[in-house]
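If you're matching them up, the sequences are chains A and B in order.
Numbering that gives the first Met the number 0 numbers the first residue of the first sequence as 0 and each following residue consecutively.
Numbering that gives the first Met the number 0 numbers the first residue of the second sequence as 0 and each following residue consecutively.
Glycine included, C-beta positions come from ideal geometry on N, C-alpha and C.
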Amino acid sequence: MPDTQALVNDFLNKLKKRKIEGSQATAKQTAELLRSVISQTRVPYTNQAAALIQSVKAVGERLIAANPVELAVGNVVRRVLHIIREEDLSLTAAAMAGVNLSAVSDDEDDADGDNQPVLSAAAIAAASRSTLRPPSLQTLLEDVPDFAAVPHTSSSGGDSEGKSKSADKSSRSRKLKHDVIEAVNELIQDISTCHEQIAEQAVEHIHQNEVILTLGSSRTVLEFLCAAKEKKRSFRVFVAEGAPRYQGHLLAKELVMRGLPTTLITDSAVFAMISRVNMVIVGAHAVMANGGVIAPVGLNMVALAAQKHAVPFVVLAGIHKLCPLYPHHPEVLLNELRSPSELLDFGEFSDCLDFGSGIGAPLLHVVNPTFDYVPPKLVSLFITDTGGHNPSYMYRLIADYYSADDLVLQRRATSGN
Amino acid sequence: MDPRRSARTVSDPKVRQVGFFTPAAPPERSCSDPPRQLDPIQSLSPSSAQVNDHSPSVDSVSPVMIPPPPHNNSDTLFRTDLQVTSPKTAFSYSAKTVTLPTENEDVTSSLSPSRKVVTVKSSSSYPCVKASSVPASELTTVSVVNLPPGISEKAGGASVEVLNDRPVSSKSLKEKTSKAERRALQEAQRAAKAAAKAEGTKASSAASKVVTSANTKPSKAAKPSSQKNDGSQVAAFEKKVGDRAPEKDRKKDAPHPRMQYDDTSRVEKAKKRAVVKQTEVRNRVELFRHLPQYEHGTQLPDLETKFFELDPMHPAVYKVGLQYLSGDIWGGNARCIAMFQAFKEAIKDYSTPPEKTLIRDLTARISSYVSFLIECRPLSNSMGNAIKFLKNRIAKLPLVLSESEAKATLMSDVDRFINEKIIIAEKVIVKHAVTKIRDGDVLLTYGASSVVEMILLHAHELGKQFRVVVVDSRPKLEGQLLLRRLVRKGLSCTYTHVNAVSCIMQEVTRVFLGASSVLSNGTVYSRVGTACVAMVAHAFRVPVLVCCEAYKFHERVQLDSICFNELGNPEAISKVHGREDINYLDGFVNQEKLQLLNLVYDATPSDYISMIITDYGMIPPTSVPVIVREYRREHLWS
């Protein structure tokens with residue numbers, strides 16, 4: 000346990016100091032940390048899931064509080080919680096096949112278990128999962144008590160099925176933790192391979208002689224473009240440099256190294272050039288439940304320009320970027336202001352920036368935000384590792400990955416913050 | 000052409016009424032000042048106009064001087080603005096009064112009585128200045144001797160100018176000096192029209208014309224005078240001239256195509272002539288092959304070594320060229336002023352070589368200077384306008400002037416242009432714009448526009464409480480200079496990058512932008528990034544006010560930022576000034592696949608612009624063609 004504590008503290012520090020760059024790395028490290036937290040958690044004989052959830056939540060809250068703007072942390076914490084619930088459910092169902100135990104944490108599950116004691120484990124899991132979610136056509140169908148056939152593999156819980164079968168064999172006490180860790184491992188795997196999965200779809204979206212514009216740098220975008228290039232598509236890329244971090248230079252360099260004709264432009268030239276561009280492809284920092292995007296600064300401008308010229312604005316986002324929250328005033332609340340030194344030379348303007356001199360308030364303020372909010376109406380398409388989606392569908396996609404119970408996590412975290 | 004002409008004669012008064020005095024117009028004007036209303040009505044019947052008007056001679060021309068159809072359009076357009084901003088109407092009418100020599104003389108004359116009122120009304124603004132610096136002041140040097148006694152001062156000014164033009168182009172057929180002076184004046188005007196029309200073609204012949212005294216001018220009926228046998232014929236003829244001249248002018252005034260740099264043969268030709276040795280950039284941006292893409296930094300040392308070899312180039316011009324090249328002088332106004340100061344120097348030191356005439360030789364000289372400056376850095380539209388003005392002035396120099404007088408006239412013209420069109424225009428804009436700043440405003444500006452800076456400082460001096468957001472972008476980072484100056488004066492500023500503009504825009508209440516040029520379709524051609532800022536402001540429903548002097552208005556049109564633009568130094572893209580940690584592209588700049596594009600300007604569509612503040616007043620972007628037209632009349636046809 001002290002071992003985990005040290006890990007958690009270390010990670011907290013990194014988050015606070017913004018040492019971890021990129022939501023993918025953050026997500027992966029969060030998942031790994033939570034995995035070790037789970038494995039270190041001593042579980043009581045009864046109500047194991049609750050104990051696991053408890054410990055994960057405790058760590059998760061602190062992680063989120065450390066960097067509330069890095070939504071990937073919260074996303075992964077919620078995903079892990081969701082995994083625990085799912086695993087618990089499937090185990091419960093498996094156990095209920097024999098004895099009707101009610102040692103599960105969720106009271107809805109009790110009700111379900113009572114009503115349908117003889118259903119297969121997977122079916123119960125699916126049914127109980129459905130109660131956690133808003134009703135949909137699929138869950139309505141699943142409620143029909145016709146489970147003689149092979150249980151459905153629901154899109155979300157594909158992994159839970161295999162485990163639920165094996166759950167029959169071994170005792171539940173050891174099994175839950177083991178299963179959860181397995182599932183978290185799969186999550187980590189998913190996060191680290193999301194680029195490839197997104198990139199696989201590149202050829203479906205990029206045609207010959209296409210002109211693509213992007214801003215800043217995103218590994219997803221790089222892989223996406225390179226995948227298309229490897230499939231012998233020839234196209235041209237305009238890269239806006241993405242001041243003040245100038246990640247665009249990095250992307251341009253990578254693209255040139257892979258033999259793509261690349262033109263580097265300043266951010267201000269985006270409007271001038273977008274009329275000659277066929278498609279805008281960008282990465283995201285996070286995708287909100289309403290289909291809005293928290294993206295690197297400058298993208299709102301690009302999205303507006305793209306809309307003006309009717310250029311498709313495509314956002315690439317791995318699943319760990321899907322956030323189940325709805326944004327409120329995201330330009331301020333989900334933003335982060337970086338150091339003015341990136342914009343102004345302190346040496347030149349030190350006298351103006353000084354709070355101590357004169358009347359107290361400095362004459363000069365420097366605003367250097369990290370993120371921009373792109374409203375859903377400006378986004379044409381999301382490409383995630385499960386395929387392309389409309390902005391209006393994102394809430395549904397997100398509902399597959401998170402359980403409604405865990406949304407509270409954020410609220411508690413922020414209030415505790 | 001003949002049938003059309005005769006048709007015109009028939010419908011003449013009506014057309015005139017439509018063109019300048021549509022039913023809607025007189026009441027509106029009457030409400031602004033009653034005396035004016037009278038005049039148009041009277042001038043409808045030529046006879047009564049003759050009786051009543053101050054300048055009968057001028058007015059007698061009116062029946063034949065029909066505004067060509069396009070004018071009608073633009074005039075109605077113009078009127079729509081009138082309703083928007085009354086000071087501007089007043090002004091532009093007075094402007095017309097000042098310098099319309101020919102076809103609109105009727106208007107001029109009819110308006111002239113009320114001119115006083117007009118200028119008084121808009122006394123806060125430019126017109127005053129304008130009136131004070133009416134060409135008459137300089138041009139009286141020629142002679143006003145033959146002006147009809149009844150003529151008003153204003154009309155006198157206009158006609159004097161006409162007289163001056165005459166010897167340049169008209170044949171000097173000495174005829175009966177006893178002709179009615181009114182008639183003479185008509186002739187003079189017609190000749191002026193012809194001069195305007197044939198200014199280019201006839202320049203040579205005109206130069207060799209006998210220098211005639213001012214006194215003989217009115218009597219000298221131009222060659223066409225033989226044609227007019229009776230009154231009706233005269234009318235027809237004059238109408239023809241009156242008609243055709245603007246048409247031809249129109250054709251001529253259509254901006255001629257610029258040099259396209261993807262035309263290899265022409266580029267080669269141009270290179271042979273060029274003073275500046277240019278080497279092309281290795282990785283030219285495909286999309287911009289039609290624009291010059293030269294290595295930066297190589298020309299300067301080369302030119303410096305050539306300093307003493309360049310015989311024909313005046314040192315002052317040379318210096319300005321180098322300053323353009325090195326980027327020491329930037330900003331539309333600064334560049335224009337520097338250019339004109341250099342030209343002034345050059346004119347001062349100019350002496351006509353033997354066997355040559357001043358008008359032709361000096362024009363050629365100026366042209367060579369201009370092409371040198373273009374090699375240093377492509378001209379902006381505003382400079383194009385300024386050069387046109389100067390050349391026009393040279394071409395219209397009366398031959399009677401001695402060399403020193405001509406030089407003095409030109410130099411004072413140059414000074415007048417700088418003073419009126421830039422310095423005072425800026426002041427007028429500031430006066431207009433300050434009325435749009437309220438306490439508690441958050442004003443956003445992009446880049447560093449000299450006019451916007453003056454506006455902000457002036458508003459601050461007036462004690463208005465507001466905050467300024469300075470948005471900046473790479474690679475020039477001009478905003479930092481502006482920021483420095485504003486903060487020094489004690490303005491509260493926020494500084495940010497163009498990328499963050501959508502984050503900051505929520506708190507902004509007004510956006511003030513400068514412009515390099517305003518094109519006649521309402522497009523604002525300005526520092527790259529202006530379009531982005533205007534677009535975001537538009538998306539956030541923040542009004543966008545563009546501040547631009549009228550001499551920067553241009554009759555070109557442009558829809559995108561690609562067909563015409565200027566490319567800066569690509570090196571500036573790969574290197575981030577002051578950020579040594581950004582070195583990803585070191586050693587990559589010469590990669591074949593990598594192109595660095597440093598656009599200097601972009602075109603902001605007119606739908607993003609709420610208002611253009613100019614020295615003529617505050618206008619919507621749809622009224623830009625009117626300003627262009629008025630300006631051209633005032634300065635290029637005069």
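Where does residue i sit, in a helix, a strand or coil, going by DSSP?
i              : result
residue 353(B) : coil
residue 345(A) : helix
residue 262(B) : coil
residue 590(B) : coil
residue 281(B) : coil
residue 608(B) : coil
residue 153(B) : Summary for residue 153(B): the model assigns pLDDT 43, below 50, so the residue's position carries little reliability; its value from the coordinates is reported in the next sentence. In the structure shown, residue 153(B) sits in a helix (DSSP, three-state: H, G or I).
residue 284(A) : coil
residue 50(B)  : Its pLDDT being 41, under 50, residue 50(B) is placed unreliably in this model, and the value from its coordinates should be taken loosely. If DSSP states are grouped into helix, strand and coil, residue 50(B) belongs with the helices.
residue 466(B) : strand
residue 492(B) : strand
residue 66(B)  : In this prediction, residue 66(B) scores a pLDDT of 43, lower than 50, which makes its location untrustworthy; the coordinate-derived value is nonetheless stated afterwards. Reduced to three states, the DSSP call for residue 66(B) is coil.
residue 17(A)  : coil
residue 24(B)  : Low confidence applies here, because residue 24(B) scores a pLDDT of 38, under 50, leaving its location unreliable; read the following figure in that light. In the structure shown, residue 24(B) sits in a helix (DSSP, three-state: H, G or I).
residue 12(A)  : helix
residue 108(A) : Model confidence at residue 108(A) stands at a pLDDT of 44, short of 50, so the residue's coordinates are unreliable and nothing is read from them.
residue 516(B) : strand
At least one CB of chain B closer than 8 Å to the CB of residue i: is that the case?
i              : result
residue 217(A) : no
residue 16(A)  : no
residue 220(A) : no
residue 208(A) : no
residue 232(A) : no
residue 255(A) : yes
residue 275(A) : yes
residue 305(A) : no
residue 264(A) : yes
What does the alpha-carbon distance come out to for the pair residue i and residue j?
i              : j              : result
residue 702(B) : residue 499(B) : This structure does not reach residue 702(B), given that chain B is present from 0 up to 637, and the question cannot be answered.
residue 76(A)  : residue 405(A) : 9 Å
residue 323(A) : residue 73(A)  : 9 Å
residue 82(A)  : residue 295(A) : 30 Å
residue 475(B) : residue 209(A) : 31 Å
residue 630(B) : residue 358(B) : 24 Å
residue 313(A) : residue 301(B) : 48 Å
residue 22(A)  : residue 217(A) : 10 Å
residue 353(B) : residue 381(B) : 34 Å
Any Cβ of chain A within less than 8 Å of the Cβ of residue i?
i              : result
residue 502(B) : yes
residue 462(B) : no
residue 380(B) : no
residue 610(B) : no
residue 348(B) : no
residue 512(B) : no
residue 430(B) : no
Check whether the Cβ atoms of residue i and residue j lie closer than 8 Å to each other.
i              : j              : result
residue 281(B) : residue 260(B) : no
residue 58(A)  : residue 42(A)  : no
residue 457(B) : residue 490(B) : no
residue 502(B) : residue 366(A) : yes
residue 80(A)  : residue 52(A)  : yes
Our contact map puts residue i next to residue j with C-beta atoms below 8 Å; I'd like the distance itself, whole angstroms only.
i              : j              : result
residue 11(A)  : residue 65(A)  : 5 Å
residue 469(B) : residue 462(B) : Not quite, the Cβ-Cβ distance comes to about 21 Å (not below 8 Å), so this is no contact.
residue 446(B) : residue 526(B) : 4 Å
residue 560(B) : residue 600(B) : 7 Å
residue 283(B) : residue 277(B) : So it is not a contact: roughly 13 Å between Cβ atoms.
residue 414(B) : residue 392(B) : The Cβ separation is near 12 Å, so there is no contact.
residue 252(A) : residue 583(B) : 5 Å
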